[in-house]
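Novice: Sharing a structure below in structure tokens format, with a few things to ask.
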Amino acid sequence: MHLDMDAFYASVEQRDNPEYRGKPLVVGAIPGKRGVVATCSYEARKYGVRSAMPIFQARQKCPQGIFIPPRMNRYKEVSDKIMAILREFSPQVEVVSIDEAYLDISDNKRLHGNPEEVAVAIKKNIRDSIQLTCSIGVAPSKFLAKIASDLNKPDGLTIIPPEEVHHFIDTLPIQKVPGVGRKTFQQLELMGIKALGDVKKFPQKMLLDRLGKFGKRLMDLSSGLDHSAVTPYSSHKSVSSERTLSEDTRDKKLLNKYLLKQSEEVARQLRKAEVKAKTIILKLKHADFKSVTRSKTTAVPTQSSKTIYKYAAKLLEDYSLPQKIRLIGVGVSGFKPASIPVQLELFDRVQKRNDNWEKVDRTLENITKKFGRDAIKRATLND
Ligand code: DCP
Ligand code: MG
Numbered sequence: 002m003h004l005d006m007d008a009f010y011a012s013v014e015q016r017d018n019p020e021y022r023g024k025p026l027v028v029g030a031i032p033g034k035r036g037v038v039a040t041c042s043y044e045a046r047k048y049g050v051r052s053a054m055p056i057f058q059a060r061q062k063c064p065q066g067i068f069i070p071p072r073m074n075r076y077k078e079v080s081d082k083i084m085a086i087l088r089e090f091s092p093q094v095e096v097v098s099i100d101e102a103y104l105d106i107s108d109n110k111r112l113h114g115n116p117e118e119v120a121v122a123i124k125k126n127i128r129d130s131i132q133l134t135c136s137i138g139v140a141p142s143k144f145l146a147k148i149a150s151d152l153n154k155p156d157g158l159t160i161i162p163p164e165e166v167h168h169f170i171d172t173l174p175i176q177k178v179p180g181v182g183r184k185t186f187q188q189l190e191l192m193g194i195k196a197l198g199d200v201k202k203f204p205q206k207m208l209l210d211r212l213g214k215f216g217k218r219l220m221d222l223s224s225g226l227d228h229s230a231v232t233p234y235s236s237h238k239s240v241s242s243e244r245t246l247s248e249d250t251r252d253k254k255l256l257n258k259y260l261l262k263q264s265e266e267v268a269r270q271l272r273k274a275e276v277k278a279k280t281i282i283l284k285l286k287h288a289d290f291k292s293v294t295r296s297k298t299t300a301v302p303t304q305s306s307k308t309i310y311k312y313a314a315k316l317l318e319d320y321s322l323p324q325k326i327r328l329i330g331v332g333v334s335g336f337k338p339a340s341i342p343v344q345l346e347l348f349d350r351v352q353k354r355n356d357n358w359e360k361v362d363r364t365l366e367n368i369t370k371k372f373g374r375d376a377i378k379r380a381t382l383n384d
């Protein structure tokens, strides 16, 4: 399922200020500055006002419009409430932007009924408790759900059942596919591709030559292939911890100490987000400000500070340190939901050891939460 709020900032403003209701409202004007439209109410859209349009142009198109500056804190507050409602329906909620999220609802038939019933219940819940409308798309894959949510805006609900997927793809205008911008659209048009289904008529090599990686993606999508999972992790695609040192150094022992601390911080953030990471990244900035990164992808996604540290330290060990270092950091990327068991490794001893260390991490975190940061530390950080 993909959910997207309708005219989000503008709807919040119309809800909070009854005098704006039913009127063309444009959010984005910052007094005294030339800005662009963040969004506008559906009443203003009738005049051709659109997101990202310069304000002066919006004023030309819609002189009777009400122009107001955005209140980001307010929208964030409302967004948090919406996402909390979604989490009541499924633990698998991937927040993509302030007004948009994917939900995996394949497992909640028992609790909330079939997909249509779930969608109707979510819309009702958001309307009753937040007084806002949203549009929902339900489909067997994320990419189709996203397209579906946009088809009947505002207050829409579009369901693409599995048996209709192929027909839907065959007739879907290619410019509706996420990632097809104006330039790609022109290129595809020249090839005679109007609908996503048309992509299937072209040989793989030709698509790859003309569109590179995106050609492959389009090919997959045109045959309904999209295995991307709903990842319950919001906003960032990576998590990191870094620090500029008080003095430039080449002392690997000292650098390792920072790495351990940073690995703990990164692991903490992963636990908070309920994800594990596959790639560990070491970041270094040299005395002359030149940055380098080194990374390693693990076979098994991890949340363990010890594993993250082990990889980061190895990356540092293998690095020649041509200069003194002024900044060091650890990052991770390639997230997987923490709740998905790693089947192959289930009985593997290494995995067991990692799990145990993840338990240690959680225990340490609970102790420091209760008794303060200095209550307990790893032995190797004490000297
Ligand atoms: N936004 C922005 N600048 C843009 C696009 C969007 O600041 N160029 C902000 C304002 C929107 C919010 O993000 O309210 C959500 O973006 P959407 O694309 O979902 O647009 P809306 O929710 O406003 O309208 P729609 O009903 O088309 O989803
Ligand atoms: Mg929206």
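Position one of the sequence shown corresponds to residue 2 (our numbering), numbered consecutively onward.
A virtual CB, placed ideally from N, CA and C, is assigned to each residue, including glycine.
Here the structure is a predicted model, which is why all the values come from computation and not from measurement.
Straight-line CA distance for Y103 to S224?
Specialist: Within the sequence shown, residue 103 is the residue found at index 102, counting from 1. Within the sequence shown, residue 224 is the residue found at index 223, counting from 1. For Y103 and S224, the distance between alpha carbons rounds to 22 Å.
Novice: Just to confirm, does D100 get its C-beta within under 7 Å of one of the non-hydrogen atoms of the ligand MG?
Specialist: On the sequence shown, residue 100 is found 99 positions in, with the first residue counted as 1. Yes, since a heavy atom of the ligand MG falls inside the 7 Å radius drawn around the Cβ of D100.
Novice: Taking 7 Å as the limit between beta carbons, can you name the residues of its chain near L316, skipping five residues before and five after?
Specialist: Counting from one through the sequence shown, the residue named residue 316 turns up at place 315. Excluding sequence neighbours, L316 sits near L283, R295 and K297.
Novice: I309: which of K325, L322 and N257 sits nearest, CA to CA?
Specialist: Position 308 of the sequence shown holds residue 309. The candidate whose alpha carbon is nearest that of I309 is N257.
Novice: Hey, K147 and S229: beta-carbon distance below 8 Å or not?
Specialist: Within the sequence shown, the letter at position 146 stands for residue 147. Within the sequence shown, the letter at position 228 stands for residue 229. No, they are not a contact pair.
Novice: Enumerate, from N- to C-terminal direction, the unbroken alpha helix (DSSP H) stretches of 4 or more residues contained entirely within the stretch 203-259.
Specialist: 205-212 and 214-223, all fully within the stretch 203-259.
Novice: Using 8 Å as the threshold, is the stretch 52-65 in touch with the stretch 74-84, meaning 3 or more CB pairs across them?
Specialist: With a cut-off of 8 Å, the stretch 74-84 and the stretch 52-65 do not count as touching, because too few Cβ pairs lie within range.
Novice: From which residue to which residue does the alpha helix (DSSP H) around Y10 run?
Specialist: By 1-based counting over the sequence shown, the position of residue 10 is 9. F9 to D17 is the span of the alpha helix (DSSP H), which, as asked, contains Y10.
Novice: How about G29 and I67: are their beta carbons less than 8 Å apart?
Specialist: Locating residue 29 in the sequence shown gives position 28, counting from the first residue. Locating residue 67 in the sequence shown gives position 66, counting from the first residue. The answer is no: Cβ separation not under 8 Å.
Novice: Can you find the residues in the same chain that come closer than 6 Å, C-beta to C-beta, to V231, ignoring five residues on each side of it along the sequence?
Specialist: Within the sequence shown, the letter at position 230 stands for residue 231. Excluding positions up to five away in sequence, the list reads Q93, E95, Y103 and D105.
Novice: Quick check on this structure: which residue in V200, K279 and L285 has the alpha carbon closest to the alpha carbon of T303?
Specialist: Mapped onto the sequence shown, residue 303 falls at position 302. Checked all of V200, K279 and L285; the closest Cα to T303 is K279.
Novice: Our contact map puts L197 next to V166 with C-beta atoms below 8 Å; I'd like the distance itself, whole angstroms only.
Specialist: Sequence index remark: in the sequence shown, residue 197 carries index 196 (1-based). Sequence index remark: in the sequence shown, residue 166 carries index 165 (1-based). That belief does not hold up - the Cβ atoms of L197 and V166 are roughly 11 Å apart, past 8 Å.
Novice: Let me know if H3 comes out buried or exposed under the rule of 16 or more other beta-carbons within 10 Å of its beta-carbon.
Specialist: For this step, residue 3 is matched to residue 2 along the sequence shown. Buried is the call here.
Novice: Please report the distance separating the alpha-carbon of K378 from that of D171.
Specialist: Against the sequence shown, residue 378 aligns to sequence position 377. Against the sequence shown, residue 171 aligns to sequence position 170. Each residue's Cα considered, the two are about 59 Å apart.
Novice: Flag this pair as yes or no: are the beta carbons of D5 and D129 separated by less than 8 Å?
Specialist: Taking the sequence shown and counting its residues from 1, one reaches residue 5 at position 4. Taking the sequence shown and counting its residues from 1, one reaches residue 129 at position 128. No, the pair does not count as a contact, with Cβ atoms beyond the cut-off.
Novice: Determine the direct distance from the alpha carbon of R269 to that of S305, and round the result to whole angstroms.
Specialist: Within the sequence shown, numbered from 1, the residue matching residue 305 stands at position 304. Within the sequence shown, numbered from 1, the residue matching residue 269 stands at position 268. So the alpha carbons of these two residues sit roughly 9 Å apart.
Novice: From Y320, E14, D81 and T134, pick the residue whose C-alpha is nearest to that of V97; which is it?
Specialist: Counted from its first residue, the sequence shown places residue 97 at position 96. Taking only the C-alpha atoms, the option nearest V97 is D81.
Novice: Determine whether the beta carbon atoms of E190 and I160 lie at a separation below 8 Å.
Specialist: Locating residue 190 in the sequence shown gives position 189, where the first residue counts as 1. Locating residue 160 in the sequence shown gives position 159, where the first residue counts as 1. Cβ distance not < 8 Å, so E190 and I160 don't count as in contact.
Novice: Would you verify that the beta carbon of Y320 is, or is not, closer than 8 Å to some beta carbon of chain B?
Specialist: Within the model displayed, chain B is absent; a lone protein chain is all it includes.
Novice: Taking 7 Å as the line, does the beta carbon of T40 fall inside it for any heavy atom of the ligand DCP?
Specialist: As a first step, residue 40 must be located in the sequence shown, where it is residue number 39. For the ligand DCP, at least one heavy atom lies less than 7 Å from the Cβ of T40.
Novice: On the criterion of 16 or more Cβ atoms from any shown chain inside 10 Å, does K286 qualify as buried, or is it exposed?
Specialist: In the sequence shown, the residue the question calls residue 286 occupies position 285. It is buried - the Cβ of K286 has at least 16 other Cβ atoms within 10 Å.
Novice: With DSSP as the reference, identify every bridge partner of Y103, one or two as the case may be.
Specialist: Within the sequence shown, numbered from 1, the residue matching residue 103 stands at position 102. Answer by DSSP bridge pairing, in chain order: H3 and E95.
Novice: Using alpha carbons as the reference points, say which of G36, K277, K273 and E318 lies closest to G335.
Specialist: For this step, residue 335 is matched to residue 334 along the sequence shown. Of the candidates G36, K277, K273 and E318, the one whose C-alpha sits nearest the C-alpha of G335 is K277.
Novice: Please report the straight-line C-alpha distance between S12 and R88, rounded to a whole angstrom.
Specialist: Residue numbering aside, residue 12 sits at position 11 when the sequence shown is read from its first letter. Residue numbering aside, residue 88 sits at position 87 when the sequence shown is read from its first letter. If you take the alpha carbons of S12 and R88, they lie about 22 Å apart.
Novice: Quick one: using the 10 Å Cβ neighbour count with 16 as the cut-off for buried, is K202 buried or exposed?
Specialist: What you label residue 202 is simply residue 201 of the sequence shown in a count that begins at 1. With fewer than 16 other Cβ atoms within 10 Å, it is exposed.
Novice: Using 8 Å as the threshold, is the C-beta distance between P163 and P141 below it?
Specialist: By one-based count along the sequence shown, residue 163 stands at place 162. By one-based count along the sequence shown, residue 141 stands at place 140. Closer than 8 Å, so yes.
Novice: Terminal residues of the continuous beta strand (DSSP E) containing T185?
Specialist: Working through the sequence shown from its first residue, we reach residue 185 at position 184. No beta strand (DSSP E) contains T185, which is instead part of the alpha helix (DSSP H) from R183 to L191.
Novice: Please tell me whether P323 and E275 are closer than 8 Å, where the distance is taken between their beta carbons.
Specialist: Here the question's residue 323 lines up with position 322 in the sequence shown. Here the question's residue 275 lines up with position 274 in the sequence shown. No, the pair does not count as a contact, with Cβ atoms beyond the cut-off.
Novice: Can you pull the DSSP bridge partners for I281?
Specialist: As a first step, residue 281 must be located in the sequence shown, where it is residue number 280. In DSSP, I281 forms a bridge with K297 and V333.
Novice: For a test of the three-state rule: what should DSSP assign to S321, helix, strand or coil?
Specialist: What you label residue 321 is simply residue 320 of the sequence shown in a count that begins at 1. S321 falls in the coil class under three-state DSSP.
Novice: Between V410 and L145, what straight-line distance do the alpha-carbon atoms span, to the nearest angstrom?
Specialist: Residue 410 is absent from the model: the chain starts at 2 and stops at 384.
Novice: Roughly how many angstroms lie between the CA atoms of V186 and E318, to the nearest whole one?
Specialist: If you number the sequence shown from 1, residue 186 lands on position 185. If you number the sequence shown from 1, residue 318 lands on position 317. According to the sequence provided, residue 186 is Phe. The question's Val does not apply to it. When rounded, the distance between both Cα atoms is 47 Å.
Novice: Helix, strand or coil: how does DSSP classify R272 here?
Specialist: Reading the sequence shown from its first residue, position 271 is the one you call residue 272. It is helical.
Novice: Are there 16 or more other CB atoms within 10 angstroms of the CB of P174, so buried, or fewer, so exposed?
Specialist: To locate residue 174, count along the sequence shown from 1; it is residue 173. Under this definition P174 is an exposed residue.
Novice: Straight-line CA distance for I281 to G332?
Specialist: Residue numbering aside, residue 281 sits at position 280 when the sequence shown is read from its first letter. Residue numbering aside, residue 332 sits at position 331 when the sequence shown is read from its first letter. So the alpha carbons of these two residues sit roughly 6 Å apart.
Novice: Please report the straight-line C-alpha distance between F9 and N367, rounded to a whole angstrom.
Specialist: On the sequence shown, residue 9 is found 8 positions in, with the first residue counted as 1. On the sequence shown, residue 367 is found 366 positions in, with the first residue counted as 1. In a straight line, the C-alpha of F9 is about 38 Å away from that of N367.
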